[in-house]
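A quick write-up on the structure given underneath.
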Amino acid sequence: MPVPDAHRLRCGCGRYGHLEAIASGTGLSAAYALAGGDPVAGREVARRAAAGDATARQVVERAGTALGAALAGLVALLDPEAVLVAGGAAGTLLPAATATYRAELPGGWAHVPLLPAALGADAVVVGAARLATAPNHHDGGTST
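Start counting the sequence shown at -15; every next residue gets the next number (this note's numbering).
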């Protein structure tokens, strides 16, 4: 999903400018390095932001803002009952994402909450494992 402020960041798919390229651990790492910081992991960028590093805070704020705006647009398009944010960078990005989400969310969807996933960073792995072990729905419910 293309988002502003990610045009210089490469996504895992190989293209530039996608949400994953800015609002993920690898995105935080890449953005921090582009902003003049040391090449460190996304968790370290988050730690540095919490410790007061101005560059890291700016990177986290920009990523959270991009995430919140994108999610607000998706809510207006898809009309969900709630939005759950999961992944390793979720906790770091949620404060900025929530502020932007609330500011950008159309009034008709003001009731749709933005929440951290109960499984946190493990949600992605658990979801993938469940999908891999789920019965194949294309052959009548049996897996091969």
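Where a beta carbon is used, it is the ideal one built from N, C-alpha and C, also for glycine.
In this text the structure is predicted, and so the values were computed from the model without any measurement.
Classify residue i as buried or exposed, calling it buried when 16 or more other Cβ atoms lie within 10 Å of its own Cβ.
{"i": "Val110", "result": "exposed"}
{"i": "Leu61", "result": "exposed"}
{"i": "Gly26", "result": "buried"}
{"i": "Ala102", "result": "exposed"}
{"i": "Gly71", "result": "buried"}
To the nearest angstrom, how far is the alpha carbon of residue i from that of residue j?
{"i": "Ala7", "j": "Asn120", "result": "32 Å"}
{"i": "Ser127", "j": "Thr117", "result": "Unreliable placement is indicated for Ser127, whose pLDDT of 48 sits below 50; the coordinate value is still reported in the next sentence. Spanning the two alpha carbons is a distance of roughly 9 Å."}
{"i": "Pro(-14)", "j": "Ala35", "result": "30 Å"}
{"i": "Gly104", "j": "Val69", "result": "8 Å"}
{"i": "Leu98", "j": "Glu88", "result": "12 Å"}
{"i": "Arg(-6)", "j": "Ala56", "result": "23 Å"}
{"i": "Val108", "j": "Gly20", "result": "30 Å"}
{"i": "Asp22", "j": "His2", "result": "23 Å"}
{"i": "Arg86", "j": "Leu78", "result": "12 Å"}
{"i": "Trp93", "j": "Leu115", "result": "30 Å"}
{"i": "Ala33", "j": "Arg41", "result": "4 Å"}
{"i": "Gly91", "j": "Val44", "result": "26 Å"}
{"i": "Pro100", "j": "Val67", "result": "8 Å"}
{"i": "Ala134", "j": "Asp37", "result": "The requested residue 134 is not part of the displayed model; the chain covers only -15 to 128."}
{"i": "Thr84", "j": "Glu28", "result": "24 Å"}
{"i": "Asp106", "j": "Gly75", "result": "12 Å"}
{"i": "Thr39", "j": "Ala14", "result": "12 Å"}
{"i": "Leu58", "j": "Ala81", "result": "13 Å"}
{"i": "Val24", "j": "Ala53", "result": "26 Å"}
{"i": "Gly(-2)", "j": "Ala112", "result": "21 Å"}
Near residue i, which residues of its chain fall below 7 Å by C-beta distance, leaving aside the five closest residues on each side in sequence?
{"i": "Asp(-11)", "result": "Ile6, Arg46 and Ala50"}
{"i": "Glu4", "result": "Cys(-5), Gly(-4) and Gly11"}
Apart from the five residues just before and just after residue i, which ones in its own chain have a Cβ nearer than 8 Å to its Cβ?
{"i": "Glu65", "result": "Val96"}
{"i": "Ala73", "result": "Ala7, Ser8, Gly9, Gly11, Leu12, Gly26, Ala30 and Ala47"}
{"i": "Tyr0", "result": "Ala(-10), His(-9), Arg(-8), Leu(-7) and Arg(-6)"}
By DSSP, does residue i sit in helix, in strand, or in coil?
{"i": "Arg(-8)", "result": "coil"}
{"i": "Ser127", "result": "At Ser127 the pLDDT is 48, less than 50, meaning the model places this residue with poor confidence and gives no usable figure here."}
{"i": "Leu58", "result": "helix"}
{"i": "Gly1", "result": "coil"}
{"i": "Val24", "result": "coil"}
{"i": "Leu99", "result": "strand"}
{"i": "Leu89", "result": "coil"}
Taking CB distances under 8 Å as the criterion, tell me whether residue i reaches chain D.
{"i": "Ala40", "result": "No chain D appears in this structure, which consists of one protein chain only."}
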